[in-house]
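> Here the sequence shown is numbered in the working numbering, starting from 360 and rising by one per residue. Note that CB positions come from ideal geometry on N, CA and C, so glycine has one too.
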Amino acid sequence: MVNAGDMNGSGNLMDFLDEPFPDVGTYEDFHTIDWLREKSRDTDRHRKITSKSKESIWEFIKSLLDAWSGWVVMLLIGLLAGTLAGVIDLAVDWMTDLKEGVCLSAFWYSHEQCCWTSNETTFDDRDKCPQWQKWSELLVNQSEGASAYILNYFLYIMWALCFAFLAVSLVRVFAPYACGSGIPEIKTILSGFIIRGYLGKWTLLIKTVTLVLVVSSGLSLGKEGPLVHVACCCGNFFSSLFSKYSKNEGKRREVLSAAAAAGVSVAFGAPIGGVLFSLEEVSYYFPLKTLWRSFFAALVAAFTLRSINPFGNSRLVLFYVEYHTPWYMAELFPFILLGVFGGLWGTLFIRCNIAWCRRRKTTRLGKYPVLEVIMITAITAIIAYPNPYTRRSTSELISELFNDCGALESSQLCDYINDPNMTRPVDDIPDRPAGPGVYSAMWQLALALVFKIVITIFTFGMKIPSGLFIPSMAVGAMAGRMVGIGVEQLAYHHHDWIIFRNWCRPGADCVTPGLYAMVGAAACLGGVTRMTVSLVVIMFELTGGLEYIVPLMAAAVTSKWVADAFGKEGIYEAHIHLNGYPFLDVKDEFTHRTLATDVMRPRRGEAPLSVLTQDSMTVEDVETLIKETDYNGFPVVVSKDSERLIGFAQRRELILAIKNARQRQDGVVSNSIVYFTEDPPELPPNSPHPLKLRRILNLSPFTVTDHTPMETVVDIFRKLGLRQCLVTRSGRLLGIITKKDVLRHMAQMANQDPESIMFN
């Protein structure tokens, strides 16, 4: 095992430990990993395995197993993530329907499954079958009337409160990290931050169970974001079974990047979109090897979910849809308008949600998470039940909004006035005037849209698992469907206008309102998350139609431009900054003309830098320095007079090395001299045994001069993943810049509070 320290490619500058002691090379909680060190340790491990593989057949087999372990981990992640997603889908389907009624023939069947098995169901009344009974029919033997409605209303609210209370209690007692969407923390972890327990087994179990409960409760949240967290928990669990990943934090993050891709793959049934999401949105370090493995994990996960077939229609998601009508150039204008709406909604949502979350953190509201969840659930259930579009699950709502109106559709949105003389094939129904059902549906959709916009702001960020993809898509789909119906009716009643004359003749099927709903959903999701490429690919995989890529791209790009005009941060970056995580975003630009000397510590008027000398400090001196400071490491210099830099020693490894030496090495006492050189210093006779700590010294710490522009320093921190960088002039140590210093300086330059960066 190689000791802690860092090589940047120029030979092996570190000693091997004769007897490796435990925990060397590991990191403390809420600290950042050293990417260079992890990379060099993996290179050393690989070199060792390659040289040993030539010694015997057994060593050669071991080297093959080591090479294949990455693919095995990907296979296991894909299988478990796909299975969990299938189980969650089935459980959500059943529990959502449980709020309204129960299946008498088999209580574990959802409404749809119950009526599939019935022999008495007709096509016209396919939602009604004797085996499925609403609670009012079961309890008071009434299906219609005020008393039945009130009883169903009351039980709907009770079930919702019961599910939400159970979820928030489980999260609070067993796994506090199971709350939220998980994507801001996953992004931070993938950038090299350690949050112990965030991807643990308890978190995986509780998040899976509570995700079913909260989605079934009818709250305005989705399961797609939390599924990324669930998949990353699977990745963390399987990587801990292989020493190649469990002992190297850098390699572990490659596995987690691939797991995130598998999570999106099963959330949307979009394997390619999942890989692009991981690359564009969550990953910090994404080598080509990780791209192939992510693709394999996403493929296995999608295949597993397809085998489970949770929706019984051979599709991976509830709102898969196919359209048969082409789109026309004149429609680009309403598509771009939907993009503008998506950008404005994204900006509004981020600002209001962050303001509410900040209020929750800084006031007494944050002390009562259970009460908050119960209050929001009660308000949601009370307002949602009377409106059929908010009563059903959000995924079902999106599915209905995306749907094209065929001849067999019974939805209110398809209540058009038919021409009795029409004799046309089923797939090519011409545009028709809207009937009373469409007009009442428009009013209900408008009310549902306002309700969704407001309630989602307060729901996202509560102490329960809560995804943002589905509520954002629902807002966009409702707005899009209304615009689509408007354009359709305009084209029908005014087909002689110049914009419609060329492409919309009377009796033709010109406008597809479902397509507008899909474009609106993409625009709103893009406005909130600022995704572009991965978003378009996910939506294209949802629809299975290459023809609609241009409208989706136009809406996604417009929504990003509009949202970026008001602020560059997406919702996940905003939550990262709110929580004070040390995340250096690759997308941020640093254009200020400051120098390393302006940022380094110590500054003028501060105490001098705490350093170790190479051969003149005792064990007691080192222990006192560690006790009196809370720095993560100390530069090692020739002497306090010369300040010539020798290397850098990590705090954690100094503590472990001294503790280990006291236990195992005879003669090491408090006044033993500590030396970091190859040869021991000359000591007077009868001196206690000196302690050599060269093995934990990083002999090639990263250094910059005091006149290096901060633009370059920020770039170095981003691209090399450094924890700290030493500032020198002509070989003399002047100061140190840590990742936290860089982040605080960037916050200060952007007129933000530098003290908001809390972690190391």
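1. Would you kindly check if the distance between the Cβ of Gly886 and the Cβ of Leu894 is under 8 Å?
2. For His853, count neighbouring C-beta atoms within 10 Å of its own C-beta (all shown protein chains included) and say buried if the count is 16 or more, exposed if not.
3. How about Leu520 and Ala743: do their beta carbons lie closer than 8 Å?
4. What residue range does the alpha helix (DSSP H) around Thr567 cover?
5. Pull up the distance between the alpha-carbon of Ile823 and that of Gly504, whole angstroms please.
6. For Thr663, which of Glu1012, Ala626, Leu395 has the nearest alpha-carbon?
7. Quick one: what's got a C-beta closer than 6 Å to Arg719's C-beta in the same chain, skipping five residues either side?
8. Could you tell me the alpha carbon to alpha carbon distance between Ala933 and Asn1110, rounded to whole angstroms?
9. Would a C-beta distance cut-off of 8 Å place Ile1096 and Met890 closer than the cut-off?
10. At 4 residues or longer, and completely inside the region 421-489: list those alpha helix (DSSP H) runs for me, N to C.
11. Of all the options Glu414, Asn668, Ala833, which has the alpha carbon lying nearest to the alpha carbon of Leu804?
12. Can you check which of these residues, His1048, Thr1087, Ser410, is closest to Thr1067 by C-alpha distance?
13. In three-state terms, what does DSSP make of Pro994?
14. For the pair the region 796-811 and the region 556-567, tell me if three or more CB-CB distances fall below 8 Å.
15. Nearest to Arg555 by CA position, among Ile392, Tyr931, Ala881, is which residue?
16. Taking the CB atoms as reference points, tell me whether Ser758 and Val573 lie closer together than 8 Å.
17. So what's Tyr1034 in DSSP terms, helix, strand or just coil?
18. Which partner residues does Phe552 have in the DSSP bridge list?
19. Would DSSP call Ile545 helix, strand or coil?
20. When burial is assigned at 16 or more other CB atoms within 10 Å of the CB, is Tyr727 buried or exposed?
21. On a CA-only basis, which of Leu463, Phe522, Ala523 is nearest Trp494? Give me that one, please.
22. The beta strand (DSSP E) spanning Arg1054 covers which residue range?
23. Tell me the residue span of the beta strand (DSSP E) that contains Cys1084.
24. Do you know offhand how far Gly839's Cα is from Phe419's?
25. Confirm, please, whether the CB-CB distance from Gly584 to Gly701 is below 8 Å.
26. By how many angstroms is the C-alpha of Thr706 removed from the C-alpha of Glu471?
27. Between the alpha carbons of Thr972 and Ile1005, how many angstroms are there, rounded?
28. Quick check: the Cα distance between Ala915 and Ser831, rounded to an integer number of angstroms?
29. I'd like the list of long-range same chain contacts for Val451, defined as Cβ closer than 6 Å, with 5 residues on each side in sequence excluded.
30. Which residue or residues does DSSP assign as beta-bridge partners of Arg1003?
31. With Phe761 and Gly577 assumed to form a contact (beta carbons below 8 Å), what rounded beta-carbon distance in angstroms separates them?
32. Within 7 Å: the Cβ of Gly701 and any heavy atom of the ligand COA?
33. At which residues does the beta strand (DSSP E) containing Lys720 begin and terminate?
34. For the structure I just gave you, are there three or more beta carbon pairs, one from the region 602-622 and one from the region 541-558, closer than 8 Å?
35. Measuring straight from C-alpha to C-alpha, what distance separates Ala629 and Lys546?
36. Measure the alpha-carbon distance for Gly441 versus Ala661 and round it to whole angstroms.
According to the structure shown:
1. Contact: no.
2. His853 counts as exposed, since fewer than 16 other beta carbons sit within 10 angstroms of its beta carbon.
3. Their beta carbons are not under 8 Å apart, which means Leu520 does not touch Ala743 by this criterion.
4. Unbroken alpha helix (DSSP H) run through Thr567: 560-575.
5. Counting only the Cα atoms, Gly504 lies some 36 Å from Ile823.
6. When only C-alpha atoms are compared, the closest one is Ala626.
7. If we look at Arg719 and ignore the five residues flanking it on each side, its Cβ neighbours are Gly725.
8. Approximately 15 Å between the Cα atoms of the pair.
9. For the 8 Å CB-CB criterion, Ile1096 and Met890 do not form a contact.
10. Listed in chain order, the alpha helix (DSSP H) elements of length 4 or more contained wholly in the region 421-489 are 470-475.
11. Ranking Glu414, Asn668, Ala833 by Cα distance to Leu804 puts Ala833 first.
12. Nearest of His1048, Thr1087, Ser410 to Thr1067, Cα basis: Thr1087.
13. Reduced to three states, the DSSP call for Pro994 is strand.
14. Note that the region 796-811 does not touch the region 556-567; fewer than 3 beta-carbon pairs, one per stretch, sit closer than 8 Å.
15. It is Ile392 whose Cα lies nearest to the Cα of Arg555.
16. Between Ser758 and Val573, the C-beta spacing is not below 8 Å.
17. Assignment of Tyr1034 by DSSP, reduced to helix, strand and coil, places it in the strand class.
18. DSSP lists Thr391 as partners of Phe552.
19. Residue state, collapsed to three classes: helix.
20. By the 10 Å Cβ count, Tyr727 comes out exposed.
21. Closest in alpha carbon position to Trp494, among Leu463, Phe522, Ala523, is Leu463.
22. Per DSSP, Arg1054 lies in no beta strand (DSSP E) and is assigned neither H nor E.
23. In the DSSP assignment, Cys1084 falls within the beta strand (DSSP E) that extends over 1083-1088.
24. Rounded to the nearest whole angstrom, the CA to CA distance from Gly839 to Phe419 is 60 Å.
25. In this structure, Gly584 does not lie closer than 8 Å to Gly701 by Cβ.
26. Cα-Cα distance, rounded: 38 Å.
27. So the alpha carbons of these two residues sit roughly 9 Å apart.
28. Answer to the nearest angstrom: the Cα atoms are 13 Å apart.
29. Cβ within range, chain order: Val571, Val574, Ser575.
30. Partner(s): Arg1091.
31. Contact between Phe761 and Gly577 does not hold, since the beta-carbon distance rounds to 20 Å and is not under 8 Å.
32. The ligand COA is not part of the structure shown, which contains no ligands of any sort.
33. It is not in any beta strand (DSSP E) - Lys720 instead sits in the alpha helix (DSSP H) that spans 691-721.
34. Between the region 602-622 and the region 541-558, the count of C-beta pairs closer than 8 Å reaches three or more; the two stretches touch.
35. Going from the Cα of Ala629 to the Cα of Lys546 covers about 20 Å.
36. Taking the straight line from one Cα to the other gives about 6 Å.
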